[in-house]
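In our numbering, the protein residues as written are 13 to 283. Think of the CB as a built atom: it goes at the ideal place given N, C-alpha and C, for glycine as much as any other residue.
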């Protein structure tokens with residue numbers, strides 16, 4: 013299908029940057045899930061970097077099967093196929109590397125490196141120019157194909173609210189968009205180019221070396237640092253993310269818990 017006007021120059025822009033991602037760029041006006049398209053393409057031999065974008069998804073999902081809510085054309089709904097091998101144990105670190113690349117793309121769109129943060133394990137939150145509370149602007153879902161206990165390929169799925177101005181009532185105090193954050197003229201194409209540039213830099217490094225090369229950036233960008241968190245039998249103050257991608261929570265008794273994954277309930281966020 014022909015690319016819409018805001019995406020039609022993306023393949024040329026990413027090639028001009030020397031990137032192996034973002035092309036071929038396959039567009040669907042509507043699909044069940046761009047991640048599913050990318051996984052099927054991977055099974056059929058599609059090359060590294062093949063990218064799928066849709067105006068709308070009927071079964072788009074995030075972690076734990078949650079639906080992604082977006083009106084057609086208002087969000088960047090994209091999945092990128094990576095022919096990248098790495099140990100299975102490194103997969104959670106790859107998700108954080110993707111989150112960091114998404115954060116950087118959002119920050120670039122906002123023209124402000126301080127307002128977009130990574131919410132462990134795989135969301136991006138941002139605050140408005142007036143210091144409004146942090147709200148979710150993007151989500152990440154990384155899925156893998158395994159071979160012999162190793163990751164043979166990845167599908168990196170990302171949803172970024174670009175032009176959305178109205179959210180369902182149940183999301184209005186939790187979700188935001190680039191337009192609402194003060195970047196109404198940024199297009200999906202602009203965000204996609206910035207995103208694949210970041211993914212091309214961060215994902216191979218995390219696959220080869222873990223989070224070590226990215227840890228300093230990730231530590232600065234952790235949205236939960238300083239927050240009171242509760243999950244399962246752990247409750248305490250977040251002290252950031254370690255080099256293995258684990259969330260550090262200091263309990264009231266001084267014990268340091270290292271969380272590998274899971275949902276965390278967040279108390280007051282630092283402003």
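Given residue 209, which residues of its chain have a CB within under 7 Å of its CB, disregarding the five upstream and five downstream residues? Counted from its first residue, the chain shown places residue 209 at position 197. Counting only Cβ-Cβ distances below 7 Å, and skipping sequence neighbours, we find 29, 31.
How many angstroms separate the CA atom of residue 64 from the CA atom of residue 216? On the chain shown, residue 64 is found 52 positions in, with the first residue counted as 1. On the chain shown, residue 216 is found 204 positions in, with the first residue counted as 1. The alpha-carbon separation between residue 64 and residue 216 amounts to approximately 20 Å.
May I ask you to list the residues that DSSP assigns as paired with residue 173? Reading the chain shown from its first residue, position 161 is the one you call residue 173. Paired residues: 87.
If you follow the beta strand (DSSP E) that residue 241 is part of, which residue opens it and which one closes it? For the purposes of this step, residue 241 is identified with residue 229 of the chain shown, where counting begins at 1. Run containing residue 241: 240 to 243, per the beta strand (DSSP E) assignment.
Is the beta carbon of residue 149 less than 7 Å from the beta carbon of residue 173? Sequence index remark: in the chain shown, residue 149 carries index 137 (1-based). Sequence index remark: in the chain shown, residue 173 carries index 161 (1-based). Yes, the Cβ-Cβ distance between residue 149 and residue 173 is below 7 Å.
For residue 46, report the span of its alpha helix (DSSP H) as first-last. As a first step, residue 46 must be located in the chain shown, where it is residue number 34. Looking at the DSSP string, the run of the alpha helix (DSSP H) that includes residue 46 is 46 to 55.
How many Å lie between residue 58 and residue 167 at the Cα? By 1-based counting over the chain shown, the position of residue 58 is 46. By 1-based counting over the chain shown, the position of residue 167 is 155. One C-alpha to the other measures close to 12 Å.
What number of angstroms, rounded off, separates the C-alpha of residue 135 from the C-alpha of residue 229? On the chain shown, residue 135 is found 123 positions in, with the first residue counted as 1. On the chain shown, residue 229 is found 217 positions in, with the first residue counted as 1. Counting only the Cα atoms, residue 229 lies some 16 Å from residue 135.
Pairwise C-alpha distance: residue 237 and residue 127: Sequence index remark: in the chain shown, residue 127 carries index 115 (1-based). Sequence index remark: in the chain shown, residue 237 carries index 225 (1-based). Rounded to whole angstroms, residue 127 to residue 237 spans 14 Å at the Cα level.
Is the separation between the beta-carbon of residue 123 and that of residue 93 shorter than 7 Å? As a position in the chain shown, residue 123 is number 111, starting the count at 1. As a position in the chain shown, residue 93 is number 81, starting the count at 1. Contact flag unset, no.
Secondary structure, alpha helix (DSSP H): runs of 4+ residues fully inside the stretch 93 to 173: 103 to 122
Close beta carbons around residue 274, own chain, < 6 Å, minus the five adjacent residues each side: Counted from its first residue, the chain shown places residue 274 at position 262. Closer than 6 Å at Cβ, skipping near neighbours: 243.
In terms of residues, what are the limits of the alpha helix (DSSP H) holding residue 211? Residue numbering aside, residue 211 sits at position 199 when the chain shown is read from its first letter. Note, residue 211: alpha helix (DSSP H), 200 to 221.
Going by DSSP, what residue range makes up the beta strand (DSSP E) through residue 60? Along the chain shown, one-based indexing puts residue 60 at 48. Neither: residue 60 is in no beta strand (DSSP E) and is coded neither H nor E.
I'd like to know whether the C-beta atoms of residue 138 and residue 100 end up nearer to each other than 7 Å. Here the question's residue 138 lines up with position 126 in the chain shown. Here the question's residue 100 lines up with position 88 in the chain shown. Cβ atoms of residue 138 and residue 100: not closer than 7 Å.
With DSSP as the reference, please indicate the residues paired to residue 190 in a beta bridge. Here the question's residue 190 lines up with position 178 in the chain shown. For residue 190, which the question treats as bridged, DSSP gives no partner whatsoever.
Please state if the CB of residue 176 and the CB of residue 86 are separated by a distance shorter than 7 Å. Counting from one through the chain shown, the residue named residue 86 turns up at place 74. Counting from one through the chain shown, the residue named residue 176 turns up at place 164. At a Cβ-Cβ threshold of 7 Å, residue 86 and residue 176 count as neighbours.
Pair within 7 Å by beta-carbon distance, residue 47 and residue 169: The count along the chain shown starts at 1 and reaches residue 47 at position 35. The count along the chain shown starts at 1 and reaches residue 169 at position 157. In contact: residue 47 and residue 169 (Cβ atoms closer than 7 Å).
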